[in-house]
Amino acid sequence: MFDFGMLENSPIRTYRSRARRTPWPVAVIGLVLVASSAFAPGPARQAGGADAAGGSDLALATAAGRTTTVVPKNRKWRVAQARGQGRTVTRASYSATVQVKALRGAPTARVQIRQVKGRRTLVQRTVRVGTSTAGWRTFRIGLVSKRGVSRVQVRIKSSSRRGLVARVSQIGAGGAGSTSPGRCVSHIKGLPSSGAYAGAAVGGTISLASREAFYGRTLGVHRTYWSASQVASSVRSARADVAAKRVPWISYKTPGTWRQVAAGAYDAWALGLIKQLDAVPGPVWLAFWHEPENDNQPIADWTRMQTHLMRLVKAHSDNIATTMIVMGWWQVGGDRPELKLPRIWPGDGLIDVIGMDPYNVYGVTKDGKTATNMSDVRTYIKTFSTFARAHGARWGVAETAYTDQAAAKYPGWITNFYQQLVAAGGVAMAYFDTTLENHGRSWPLTGAAKRAQFAKNMQASPRIC
Numbered sequence: 042m043f044d045f046g047m048l049e050n051s052p053i054r055t056y057r058s059r060a061r062r063t064p065w066p067v068a069v070i071g072l073v074l075v076a077s078s079a080f081a082p083g084p085a086r087q088a089g090g091a092d093a094a095g096g097s098d099l100a101l102a103t104a105a106g107r108t109t110t111v112v113p114k115n116r117k118w119r120v121a122q123a124r125g126q127g128r129t130v131t132r133a134s135y136s137a138t139v140q141v142k143a144l145r146g147a148p149t150a151r152v153q154i155r156q157v158k159g160r161r162t163l164v165q166r167t168v169r170v171g172t173s174t175a176g177w178r179t180f181r182i183g184l185v186s187k188r189g190v191s192r193v194q195v196r197i198k199s200s201s202r203r204g205l206v207a208r209v210s211q212i213g214a215g216g217a218g219s220t221s222p223g224r225c226v227s228h229i230k231g232l233p234s235s236g237a238y239a240g241a242a243v244g245g246t247i248s249l250a251s252r253e254a255f256y257g258r259t260l261g262v263h264r265t266y267w268s269a270s271q272v273a274s275s276v277r278s279a280r281a282d283v284a285a286k287r288v289p290w291i292s293y294k295t296p297g298t299w300r301q302v303a304a305g306a307y308d309a310w311a312l313g314l315i316k317q318l319d320a321v322p323g324p325v326w327l328a329f330w331h332e333p334e335n336d337n338q339p340i341a342d343w344t345r346m347q348t349h350l351m352r353l354v355k356a357h358s359d360n361i362a363t364t365m366i367v368m369g370w371w372q373v374g375g376d377r378p379e380l381k382l383p384r385i386w387p388g389d390g391l392i393d394v395i396g397m398d399p400y401n402v403y404g405v406t407k408d409g410k411t412a413t414n415m416s417d418v419r420t421y422i423k424t425f426s427t428f429a430r431a432h433g434a435r436w437g438v439a440e441t442a443y444t445d446q447a448a449a450k451y452p453g454w455i456t457n458f459y460q461q462l463v464a465a466g467g468v469a470m471a472y473f474d475t476t477l478e479n480h481g482r483s484w485p486l487t488g489a490a491k492r493a494q495f496a497k498n499m500q501a502s503p504r505i506c
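In the working numbering, the protein residues as written are 42 to 506.
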């Protein structure tokens with residue numbers, strides 16, 4: 042397949058940006074199990090927000106008849122099983138909303154959600170959480186279950202004997218982030234239970250305000266790109282996006298080499314960034330070094346860097362969705378097996394959203410060869426959706442575009458792509474609608490016909506609450 046990923050690596054593109062939120066007080070475990078037909082793992086949303094499943098998590102956690110109190114003992118797991126759950130688990134997303142408070146000191150809680158069949162664990166995910174007696178800390182963990190006769194459990198272990206308390210409550214179907222009839226996503230990390238955000242990277246001579254005026258609404262997701270020295274600007278941008286009900290999907294080029302970052306040499310930079318993004322009053326989607334395939338460093342170092350950095354994000358934030366973004370071409374085709382998804386995967390439980398960047402290059406000429414076939418996105422969708430489901434993650438399109446020549450031949454290509462993405466469980470599509478870094482190609486939505494087609498996606502897009 043002739044694709045943009047074969048043509049070039051997309052270099053860093055820099056836009057605007059802003060910062061700050063009161064950090065969550067740390068601390069009682071209230072775990073709320075949720076089952077959903079959406080394939081949506083991972084932390085959900087801040088307590089107190091509306092949920093289509095019925096009220097706030099904190100209210101449900103303390104509702105009479107719904108709560109089980111667990112006092113974890115040192116070195117021993119305490120189990121809270123989903124009450125009312127049938128013996129057969131459908132392939133679904135299960136998540137646990139967690140409220141943590143220490144009884145004394147500052148013990149570490151290990152919280153695990155797992156699917157078991159007899160004594161065999163089918164799927165599991167574990168997080169470590171620091172606690173204090175000062176107040177509440179809320180987060181969610183989740184998994185995508187396998188089908189069959191089995192049970193879903195939440196297990197808790199404390200680093201100190203009876204050092205903290207856990208409250209476990211079940212609420213019905215709702216998923217990792219409910220999408221209300223008004224298309225409002227309340228997930229703490231902005232992960233929708235249905236539908237997919239439509240949005241764009243907008244820059245150069247194209248105005249974000251003018252694009253949103255044309256669509257009659259703000260973007261569902263706003264893709265931006267930053268260098269390691271632009272943290273302050275990027276945080277301002279993320280805050281502005283959240284205020285406008287856009288999900289900021291941001292990526293950074295890291296300082297140093299991938300190997301140095303993986304070894305912890307730039308943890309101070311990473312932790313400073315994470316702290317500021319954690320203070321943004323809404324969801325943030327974060328990626329480090331998107332499209333690494335042609336960047337002349339060992340790809341194994343990139344994977345180790347992802348593992349290291351995403352562990353830091355998970356340990357120090359509750360609103361940041363961890364994402365990894367690759368070209369897509371090398372994962373579905375190409376002749377470099379070291380770039381396939383199983384080889385570059387940082388590890389289950391570390392990535393919330395896998396992003397890919399497939400382009401329709403019909404009409405593009407490179408090295409004397411002109412592409413004459415429309416890019417078929419079905420292979421991309423199958424490869425990424427299948428891998429994501431198998432590893433408890435979501436997936437989406439972090440960049441895409443089609444040429445004016447492709448639009449003239451098949452105007453509805455971008456609308457059809459979006460519809461296929463939604464049908465397969467994708468969570469976002471960001472169009473590369475900018476005059477920057479185009480290398481003479483007609484990616485931007487400059488023509489009225491192309492804008493009108495993408496406007497259809499925008500009208501179907503959910504937004505954060």
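Where is the CB? At the ideal position from N, CA and C, for every residue including glycine.
| request: Report the rounded CA-to-CA distance for F495 versus D474, giving the unit in angstroms. | output: Numbered from its first residue, the sequence shown carries residue 495 at position 454. Numbered from its first residue, the sequence shown carries residue 474 at position 433. Their backbone Cα atoms lie some 11 angstroms apart in a straight line.
| query | Taking Cβ to Cβ, would you say V272 is nearer than 8 angstroms to L350? | reply | Mapped onto the sequence shown, residue 272 falls at position 231. Mapped onto the sequence shown, residue 350 falls at position 309. Taking 8 angstroms as the Cβ cut-off, V272 and L350 do not qualify as a contacting pair.
| Starting from P383 and walking both ways along the alpha helix (DSSP H), at which residues does that stretch end? | Locating residue 383 in the sequence shown gives position 342, counting from the first residue. Taken as a continuous stretch (DSSP letters only), the alpha helix (DSSP H) holding P383 covers 382-385.
| query | Can you tell me the Cα-Cα spacing of R151 and R202, whole angstroms? | reply | Within the sequence shown, numbered from 1, the residue matching residue 151 stands at position 110. Within the sequence shown, numbered from 1, the residue matching residue 202 stands at position 161. Each residue's alpha carbon lies about 13 angstroms from the other.
| request: Select from G305, A269, P113 the residue whose C-alpha is nearest the C-alpha of I291. | output: One-based indexing of the sequence shown puts residue 291 at position 250. Nearest option by C-alpha distance: A269.
| field | Alpha-carbon to alpha-carbon, N479 and T406 | value | Against the sequence shown, residue 406 aligns to sequence position 365. Against the sequence shown, residue 479 aligns to sequence position 438. So the alpha carbons of these two residues sit roughly 13 angstroms apart.
| query | How many angstroms separate the CA atom of W118 from the CA atom of R352? | reply | Sequence index remark: in the sequence shown, residue 118 carries index 77 (1-based). Sequence index remark: in the sequence shown, residue 352 carries index 311 (1-based). One C-alpha to the other measures close to 22 angstroms.
| Helix, strand or coil at P339 [DSSP, three-state] | Here the question's residue 339 lines up with position 298 in the sequence shown. Coil at P339, not helix or strand.
| CB N414 to CB Y403, shorter than 8 angstroms? | The sequence position of residue 414 within the sequence shown is 373, counting from 1. The sequence position of residue 403 within the sequence shown is 362, counting from 1. Yes.
| query | Looking at the unbroken alpha helix (DSSP H) that takes in Y459, where does it start and where does it end? | reply | For the purposes of this step, residue 459 is identified with residue 418 of the sequence shown, where counting begins at 1. Per DSSP, Y459 belongs to the alpha helix (DSSP H) from 454-464.
| query | What's the C-alpha gap between V468 and K286? | reply | Here residue 468 is taken as the residue at index 427 of the sequence shown, counted from 1. Here residue 286 is taken as the residue at index 245 of the sequence shown, counted from 1. Taking the straight line from one Cα to the other gives about 16 angstroms.
| How big is the Cα-Cα spacing for S58 and V283? | Here residue 58 refers to the residue found at position 17 when the sequence shown is read from its first residue. Here residue 283 refers to the residue found at position 242 when the sequence shown is read from its first residue. Reliability of the predicted coordinates at S58 is poor, the pLDDT of 32 falling under 50, and no value is obtained from them.
| said: Per DSSP, what are the beta-bridge partners of D474 in this structure? | reply: Reading the sequence shown from its first residue, position 433 is the one you call residue 474. For D474, which the question treats as bridged, DSSP gives the partners V243.
| Residue closest to L486, alpha-carbon to alpha-carbon, out of V394, G244, G409 | Position 445 of the sequence shown, counted from the first residue, corresponds to residue 486. L486 has its Cα closest to that of G244, out of V394, G244, G409.
| Under a Cβ-count criterion, where at least 16 other Cβ atoms within 10 Å of its own Cβ denotes burial, should N498 be classed as buried or exposed? | Position 457 of the sequence shown, counted from the start, is the residue given in the question as residue 498. When all chains shown are included, N498 counts as buried.
| query | For N498, which three-state DSSP category applies? | reply | One-based indexing of the sequence shown puts residue 498 at position 457. Helix.
| request: In angstroms with no decimal places, state the Cα-to-Cα distance between L249 and R277. | output: Here residue 249 refers to the residue found at position 208 when the sequence shown is read from its first residue. Here residue 277 refers to the residue found at position 236 when the sequence shown is read from its first residue. One C-alpha to the other measures close to 16 angstroms.
| said: Considering only DSSP beta bridges, list what H263 is partnered with. | reply: Along the sequence shown, read from residue 1 onward, the residue named residue 263 stands at position 222. Per DSSP, A241, P289.
| query | Start and end of the alpha helix (DSSP H) containing S199? | reply | Taking the first residue of the sequence shown as 1, we reach residue 199 at position 158. Element bounds for S199: not the alpha helix (DSSP H) but the beta strand (DSSP E), 192-199.
| task | Could you tell me the distance, in whole angstroms, from the CA atom of A447 to the CA atom of D408? | result | On the sequence shown, residue 447 is found 406 positions in, with the first residue counted as 1. On the sequence shown, residue 408 is found 367 positions in, with the first residue counted as 1. Going by the C-alpha atoms only, they are around 19 angstroms apart.
| Among N360, N335, Y459, which one has its Cα closest to the Cα of W370? | Locating residue 370 in the sequence shown gives position 329, where the first residue counts as 1. When each option's Cα is compared against that of W370, the closest is N335.
| request: Can you tell me which of R430, Q338, Q317 puts its alpha carbon nearest to the alpha carbon of D359? | output: The residue you call residue 359 lines up with position 318 of the sequence shown. With distances taken between Cα atoms, D359 lies closest to Q317.
| request: Assign E440 to one of three DSSP states: helix, strand, or coil. | output: The sequence position of residue 440 within the sequence shown is 399, counting from 1. Three-state result, E440: strand.
| message | So, under 8 angstroms CB-CB, N401 and W454 are touching, yes? Tell me the CB distance rounded to an integer number of Å. | response | Walking along the sequence shown from the start, residue 401 turns up at place 360. Walking along the sequence shown from the start, residue 454 turns up at place 413. At roughly 6 angstroms, the Cβ-Cβ gap stays under 8 angstroms, so N401 and W454 are in contact.
| field | Three CB pairs or more closer than 8 angstroms across the segment 320-332 and the segment 141-160 | value | no
| task | Thinking I315 and I247 are a contact (beta carbons under 8 angstroms), I'd like their distance in whole angstroms, please. | result | Residue numbering aside, residue 315 sits at position 274 when the sequence shown is read from its first letter. Residue numbering aside, residue 247 sits at position 206 when the sequence shown is read from its first letter. About 30 angstroms separates the two Cβ atoms, so there is no contact after all.
| message | According to DSSP, is R161 part of a helix, a strand, or is it coil? | response | Working through the sequence shown from its first residue, we reach residue 161 at position 120. Strand.
| Per DSSP, V152 forms a beta bridge with which residues? | Looking up residue 152 in the sequence shown gives position 111. Paired residues: V168, I197.
| said: Starting from G396, trace the beta strand (DSSP E) in both directions and tell me its first and last residue. | reply: Along the sequence shown, read from residue 1 onward, the residue named residue 396 stands at position 355. Unbroken beta strand (DSSP E) run through G396: 394-397.
| With a CB to CB cut of under 7 angstroms and the five nearest residues on each side skipped, what residues in its chain are close to G488? | Stepping through the sequence shown from its first residue, residue 488 is reached at position 447. Cβ within range, chain order: D445, A448.
| message | Taking the straight line between their C-alpha atoms, what separation do you get for L312 and D319? | response | Taking the sequence shown and counting its residues from 1, the one referred to as residue 312 is at position 271. Taking the sequence shown and counting its residues from 1, the one referred to as residue 319 is at position 278. Cα-Cα distance, rounded: 10 angstroms.
| message | Give me the DSSP bridge partner(s) of K117. | response | Locating residue 117 in the sequence shown gives position 76, where the first residue counts as 1. Note: K117 sits in a beta bridge opposite K114.
| message | So, at 8 angstroms on beta carbons, what are the nonlocal neighbours of Q165 in its own chain, with the 5 sequence-adjacent residues on each side left out? | response | Residue 165 sits at position 124 when you count from the first residue of the sequence shown. Within the same chain, Q165 has close Cβ partners Q153, I154, R155, Q156, L184.
| said: In the DSSP output, what is K410 paired with across the bridge? | reply: Position 369 of the sequence shown, counted from the first residue, corresponds to residue 410. Note: K410 sits in a beta bridge opposite K407.
| said: Let me check you understand the geometry: is the CB of E440 closer than 7 angstroms to at least one non-hydrogen atom of the ligand FMN? | reply: Although the ligand FMN was asked about, the structure shown includes no ligands whatsoever.
| Which of the three DSSP states, helix, strand or coil, is assigned to K450? | Looking up residue 450 in the sequence shown gives position 409. Residue state, collapsed to three classes: helix.
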